[in-house]
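Asker: Please find one structure pasted underneath; my questions will follow.
Protein chains: 2
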Amino acid sequence: MQRSIATVSLSGTLPEKLEAIAAAGFDGVEIFENDLLYYDGSPREIRQRCADLGLDITLFQPFRDFEGCRRDRLARNLDRAERKFDLMQELGTDLVLVCSNVAADALGDKQILVDDLGLLAERAGARNLRIGYEALAWGRHVNQWQQVWDIVREANHPALGMILDSFHTYSIKGDPSGIADVPGEKIFFVQMADAPILAMDVLEWSRHFRCFPGQGEFDLPAFLAPILKAGYRGPLSLEIFNDGFRAAPPRANAADGLRSLLYLEEKTRERLLQTAPAVAAEPDLLFAPPAADTYDGVEFLEFAVDDASGAKLGGWLEGLGFAKVGQHRSKNVSLLRQGDINLILNAEPYSFAHNFFESHGPSLCATAVRVKDSARALARAVGYHGQPYRGLVGPNERELAAVRAPDGSLIYLVDQGADGQTIYDTDFSLSGGVADNGLGLTRIDHMAMALPADGLDTWVLFYKSLLDFKADDEVVLPDPYGLVKSRALRSQCSSIRLPLNISENRNTAISHALSHYRGSGVHHIAFDCEDIFTAVKKAKEAGVALLDIPLNYYDDLAARFDFDDEFLSELAYYNVLYDRDANGGELFHVYTEPFEDRFFFEVIQRRNGYAGYGAANVAVRLAAMAKARSGGLRHAKL
Amino acid sequence: MQRSIATVSLSGTLPEKLEAIAAAGFDGVEIFENDLLYYDGSPREIRQRCADLGLDITLFQPFRDFEGCRRDRLARNLDRAERKFDLMQELGTDLVLVCSNVAADALGDKQILVDDLGLLAERAGARNLRIGYEALAWGRHVNQWQQVWDIVREANHPALGMILDSFHTYSIKGDPSGIADVPGEKIFFVQMADAPILAMDVLEWSRHFRCFPGQGEFDLPAFLAPILKAGYRGPLSLEIFNDGFRAAPPRANAADGLRSLLYLEEKTRERLLQTAPAVAAEPDLLFAPPAADTYDGVEFLEFAVDDASGAKLGGWLEGLGFAKVGQHRSKNVSLLRQGDINLILNAEPYSFAHNFFESHGPSLCATAVRVKDSARALARAVGYHGQPYRGLVGPNERELAAVRAPDGSLIYLVDQGADGQTIYDTDFSLSGGVADNGLGLTRIDHMAMALPADGLDTWVLFYKSLLDFKADDEVVLPDPYGLVKSRALRSQCSSIRLPLNISENRNTAISHALSHYRGSGVHHIAFDCEDIFTAVKKAKEAGVALLDIPLNYYDDLAARFDFDDEFLSELAYYNVLYDRDANGGELFHVYTEPFEDRFFFEVIQRRNGYAGYGAANVAVRLAAMAKARSGGLRHAKL
């Protein structure tokens, strides 16, 4: 399909928007009238610029409050339309969006609406132009696509057709399935927008909170599928009113937009495979990337360090029971292991990790995930405009498929390899031993990331499309200095989990972490363990600095749960936090203090299927961290 | 009344909050449980700290989901309450807030609720503690104060009373007037919160969008008046859940909170004067500042400059038809005049203006407003905790009453003076002449300010309380790089108007202005004129750099209004913007380019009672300014 986007979806001046749209790979653009109005150049100039950039102007929009206007204004409104037709011809586009009248004094009599739109279509048709009529969810009399179709059918003019917009249908709980029965040639244009489900005024919701497909909660394949079944083969266009997008860098945002259309196409194609296989199989209609891989957890995490921070981080990890089990054959890279957890500390100069260290300081520079077929996984990622990465590989070393995550770190896609050898076998000299002081840490439970406020949607879409992850609902958490939002991504099988944390305030722990990273970065890494008390006891003995939790927290646990005093004292002594879900699932977890004020580690034990991340305890953790940061003295315990 | 605030209303750790609350002048504090929970110190320590700061702990809150809980949980819930009673006794407070049960499985049978609360009150009473029962707007069965009263009356226990919260009543369109008939001694506590009227989920609204009294849209005096009529004389407390407040500097925010209570008291007192004069007159009950003055417009504006920028600004103003008519007798200060407009350029070293210039660069450092009685106006401002200012006054010079605005600039309160002499007569050597090249500018129409996103509420409250201004509704405007919000303040008679503009995005024109000011500052100053075309013609001849408006804007005017081509050409040639309101009121206005990239001037003509600020044209102005800033070439016109 032709992929298009409305200029209103992006930030900047009209030329900045057009360049971003073309660079992202769109081949069509809707010109939002105000963008033209405020531009200091002629419509012909815009037409030429679009042509130079390879962009069709798919639509000019909007033309408001026309049909059913007060009778004494009709002639004047037709004159107004002719002025806009002049403009369209200068722009070189033949389609204008007429949105349903919202005026308080608009007339609702169907015959008047049919006649008015017929009249307008006649004027447009005489100039080889077309009218697309769209129901606004807050239209005075017309707010559903079924009404639009009714009017368009009655008017029965070749220059009059429908424009469909997913937001206007879903925001008022409309049902798109009947669109499949409309003749495809009477659908002139299709606009797609997603949105979070919000209980608020529809107009406000529409103007400020729309987002790209896949970033919100609407079932958009269920909207597009009947449109394609009806035979529509015109452009698929994004029209997103979003406060954040209005301020976001337009190139990166347009790239997200294109990716969101690809994702929508893939998901729609999957839907159509069951109900209309012929449409699904139509060549060049819908994006069909290689199927997503399945994952079997995290193979390893790689930290970018220099010699000094590498030694320090290594010391911390030894305190947490990790043992150095390998040294890279050709590079200044070491391997630490415990249970199924592999951690790589990379201090190699002239490497990707070194560049990452230079920009971000000690940080997580790569995450390796286990896949069945790395070539296929990489092909999928690249199909979704992911940026592949090839590093320097020494003789006999294994080359890993990799794609860049939104923060510039790498995601390695690691399969078993034809020879049955692991990356550790090929690239490392292994010592084979595992330390005695292991804490019983078994696997990586999750990697939490700190993102800037406008980064969340980008990450969600990246992981949903390239890696087929799911996104949990957003949770809002109090920090002593502002609110923090968290949304967790996870692989379909939940073996890889990434809670993403953002804050809109300058002073929160998240913002603090961001400023230390100079960009997005790892916030904390959680390790599963066999037994929390064994683990924390050993960690304490090894001198690991655990985050000190106020005693008042344990007084409240005592009020909430039926614990005996001895058990409570043990929790408090070891700074172990506790949560219980509605089904009796239990979480025990403990935090280290931050490593160089950048990120920290968590040791957790889940019991009885507890699936969350201890949101109930985030506030106490954040307050404890704020206290630790401010250098406050800790009071002695017990 | 005792003035109190809940710790949840402010940002920071518990000690930071308590210090800010005491510094603002509150004498009571509600301890929000989580703040204590996350604090690394004992409840006794908090008790002592509050005592040291002169704060009573007026309430401990909240205790949730108690009454009507599942029968098998009642005993456990009573145990939980006893734990919290222990805590209260350590804190030294006798009142706990029990909010109505929200659990899906909560029982609604009234007798059960009466019995449960009676049981709890019995336990509390035995320890000399009291239970305040409050209806949450989203309570499962109990969500109105009338239900709470019904239950409290039936339970009839001396340790059980009502807690009233304005948000929970108004958010579900409840009517507080009947509270006047409740026995005052059964009202244990009163929480006040304002909010903007938002069409959204009540819980979300409550948790994120509450604000201080006077900053929102609720009629709070109508809530407080019947409570006082009922005989309640306990604390008046603020409980504000607000995302911005959670991140705002706590001291400044607490000061706003106290001011909001004073404002609420004054407005309630005015209401009671009519309906219950004895209550209104009760000594020490309600804040009673000197009545607000009336205003007769702006007497003068004072700009902080140095010699270089003063000469440049003087040149700009001469181009706009101002003539230098006076020189200060003892200071490096000059007076420019046109029509009723007096502008003062202050380049005096070692002065307030100089300090302001050092911090902000060339900027508006003082606004003088005409009042009937400056002593009374100042007393009112100081009563509202405004910061008075006294400058250096030379011999025979007049001393002006002044108070600091939220941006640190001054507001002079100027009356006629006993001797009938003006400040110009006493302080300046006047040349008497008015230049021939006057543009026919008559008066100051408005002064628009650029504020950081979190500054709006502070300004609104400042002007509403100290100066008795009104606040118009908020308007949202598109900037090419993000959205801008605008809310206009004006004196009761509309002779002084201050549109306030904020942006949450880093890249907008507002943010640009802010970064140039290093703080809030003047954004533009608009002068009324007799005839826009005469004014703009002369300005053009005088070489004033007018902001260039794209021709496309005039094509759209042509489509929207029935102008002849010649008139449109004239508008376009002179870059005059046009707007028309629903009643036929018309606005003509033109902008200069920004002075040193900081602020700009507007010349406007209102016809037929146009009362707005040309919101319809803000987007084209912002786009034109962005273009001018980015140094784009302007296309030749006509």
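Protein sequence lines, in the order shown, are assigned to chains E and L.
For what it's worth, full-length UniProt numbering labels the leading residue of the first sequence as 1, then goes sequentially.
For what it's worth, full-length UniProt numbering labels the leading residue of the second sequence as 1, then goes sequentially.
In this text, a Cβ means the ideal position worked out from N, Cα and C, and glycines have one as well.
Please read these numbers as outputs of a predicted model, since none were measured by experiment.
1. Tell me which same chain residues have a C-beta within less than 6 angstroms of the C-beta of L:Ile21, skipping the five on either side of it?
2. Along chain E, in chain order, which residues have C-beta atoms closer than 7 angstroms to that of L:Ala559?
3. If you scan the stretch 33-83 of chain L from start to end, which runs of the beta strand (DSSP E) of 3 or more residues do you find wholly inside it?
4. Give the secondary structure of residue 722 of chain L by DSSP, where H, G and I count as helix, E and B as strand, and everything else as coil.
5. At least one CB of chain E closer than 7 angstroms to the CB of L:Lys637: is that the case?
6. Go through the UniProt domain "VOC" (443-593) of chain E residue by residue and report every complete run of the beta strand (DSSP E) that reaches 3 residues or more, in order.
7. Classify L:Val393 as buried or exposed, calling it buried when 16 or more other Cβ atoms lie within 10 Å of its own Cβ.
8. Applying the 10 Å Cβ sphere with the 16-neighbour rule, what's the burial state of L:Phe209?
9. Once DSSP output is grouped into helix, strand and coil, what is the label at L:Ser177?
10. Given E:Leu638, which residues of its chain have a CB within under 6 angstroms of its CB, disregarding the five upstream and five downstream residues?
11. Given this structure, state the Cα-to-Cα distance separating L:Asp115 from E:Val8, to the nearest angstrom.
12. If the cut-off is 8 angstroms on Cβ atoms, which residues from the stretch 18-44 of chain L count as contacting chain E, listed in chain order?
13. To the nearest angstrom, report how far apart E:Ile179 and E:Pro226 are at their CA atoms.
14. How far does the beta strand (DSSP E) with E:Gly161 in it reach, from first residue to last?
15. Which chain E residues are close to L:Ser11, counting only those with a beta carbon under 8 angstroms from its beta carbon?
16. Looking at the secondary structure, which residues open and close the beta strand (DSSP E) in which E:Met625 lies?
17. Using a Cβ cut-off of 7 angstroms (strictly closer), state whether E:Ala199 contacts chain L.
18. Check whether the Cβ of E:Arg607 lies closer than 7 angstroms to any Cβ atom in chain L.
19. Given this structure, state the Cα-to-Cα distance separating E:Glu19 from E:Asn77, to the nearest angstrom.
20. Within 7 angstroms (strictly less), CB to CB, does L:Val620 reach chain E?
21. Determine the extent of the beta strand (DSSP E) in which L:Ser429 is found, giving its start and end residues.
22. Along chain E, in chain order, which residues have C-beta atoms closer than 8 angstroms to that of L:Leu87?
23. Flag this pair as yes or no: are the beta carbons of L:Ile444 and L:Val298 separated by less than 7 angstroms?
24. Cα separation between E:Ile112 and E:Gln147?
25. Taking 6 angstroms as the limit between beta carbons, can you name the residues of its chain near L:Ala636, skipping five residues before and five after?
26. Where does the unbroken alpha helix (DSSP H) through L:Ile150 begin, and where does it stop?
27. Identify the contact partners of E:Lys627 in chain L, using a Cβ-Cβ distance below 9 angstroms as the criterion.
28. Using 10 angstroms around the beta-carbon of L:Glu566, count the other beta-carbons present and answer buried if the total reaches 16, otherwise exposed.
29. Using 7 angstroms as the threshold, is the C-beta distance between E:Ala624 and E:Leu577 below it?
30. Could you check whether the Cβ of E:Arg246 sits closer than 7 angstroms to any Cβ belonging to chain L?
31. From the beta carbon of E:Asp243, is the nearest beta carbon of chain L less than 7 angstroms away?
32. Just mark E:Glu608 as buried or exposed, buried being the case when its beta carbon has 16 or more other beta carbons within 10 Å.
33. Opposite L:Met88 in the DSSP bridges: which residues?
34. Exposed or buried, L:Pro478, counting other C-beta atoms within 10 Å across all chains shown (16 or more means buried)?
35. I'd like the ranges of any alpha helix (DSSP H) spanning at least 4 consecutive residues and lying wholly in the UniProt domain "VOC" (297-416) of chain E.
36. Measuring alpha carbon to alpha carbon, tell me which residue in L:Leu95, L:Gly383, L:Leu343, L:Lys84 is nearest L:Gly25.
Answerer: From the atom records:
1. Shown here for L:Ile21: same chain residues with a beta carbon closer than 6 angstroms to its own, the five before and five after excluded, namely Ile5, Val29, Ala254 in chain order.
2. L:Ala559 reaches chain E at Arg80, Arg83, Lys84, counting residues in chain order whose Cβ is nearer than 7 angstroms.
3. Runs found: 56-63.
4. Not covered by the structure: residue 722 of chain L. The range shown for chain L is 1 to 638.
5. Low per-residue confidence applies at L:Lys637: pLDDT is 34, beneath 50, and the placement is therefore not dependable enough to give any value.
6. Restricting attention to beta strand (DSSP E) runs no shorter than 3 residues, the UniProt domain "VOC" (443-593) of chain E encloses them at 475-479, 482-490, 497-503, 521-529, 577-580, 586-591, ordered along the chain.
7. Here L:Val393 is exposed, its C-beta having fewer than 16 other C-beta atoms within 10 Å.
8. L:Phe209 comes out buried.
9. It is helical.
10. Note that E:Leu638 has pLDDT 32, beneath the 50 cutoff, so the model's placement of it is unreliable and the number below is only indicative. Annotation for E:Leu638: Tyr573 place their beta carbon closer than 6 angstroms to its own, counting only its chain and skipping 5 residues before and after.
11. Cα-Cα distance, rounded: 59 angstroms.
12. Here the close residues are Glu33, Asn34, Leu36, Leu37, Tyr38, Tyr39, Asp40, Gly41, Ser42, Pro43.
13. If you take the alpha carbons of E:Ile179 and E:Pro226, they lie about 6 angstroms apart.
14. The continuous beta strand (DSSP E) containing E:Gly161 extends over residues 160-165.
15. Those are Pro480, Tyr481, Gly482, Asn507, listed as they occur along chain E.
16. The continuous stretches of beta strand (DSSP E) do not include E:Met625, which lies in the alpha helix (DSSP H) extending over residues 618-629.
17. It does: the Cβ of E:Ala199 has a partner Cβ on chain L nearer than 7 angstroms.
18. No, because no Cβ of chain L sits closer than 7 angstroms to the Cβ of E:Arg607.
19. Distance from the CA of E:Glu19 to the CA of E:Asn77, rounded to the nearest whole angstrom, comes to 34 angstroms.
20. Chain E contact via Cβ: present.
21. DSSP places L:Ser429 in the uninterrupted beta strand (DSSP E) bounded by 428-430.
22. Taking a Cβ-Cβ cut-off of 8 angstroms, the neighbours of L:Leu87 in chain E comprise Asp555, given in sequence order.
23. Their beta carbons are under 7 angstroms apart, which means L:Ile444 touches L:Val298 by this criterion.
24. Their Cα atoms are separated by approximately 14 angstroms.
25. Only weak support exists for where L:Ala636 lies, its pLDDT of 33 falling under 50; the coordinates are left without a value.
26. A small correction: the amino acid at residue 150 of chain L is Asp; Ile does not occupy that position in the sequence shown. 145-155 is the extent of the alpha helix (DSSP H) around L:Asp150.
27. The contacting residues are Thr13, Tyr38, Tyr39, Asp40.
28. That one is exposed.
29. Judged by their CB atoms, E:Ala624 and E:Leu577 are not nearer to each other than the 7 angstroms cut-off.
30. It does: the Cβ of E:Arg246 has a partner Cβ on chain L nearer than 7 angstroms.
31. Cβ-Cβ to chain L under 7 angstroms: yes for E:Asp243.
32. What sits at residue 608 of chain E in the sequence shown is Asn, not Glu. That one is exposed.
33. Answer is none; L:Met88 lacks a bridge partner.
34. A buried status is given to L:Pro478, since no fewer than 16 other beta-carbon atoms sit within 10 Å of its beta-carbon.
35. Unbroken alpha helix (DSSP H) runs of no fewer than 4 residues, entirely contained in the UniProt domain "VOC" (297-416) of chain E, are found at 307-319, 352-360, 374-383, following chain order.
36. Considering only alpha carbons, the answer is L:Gly383.
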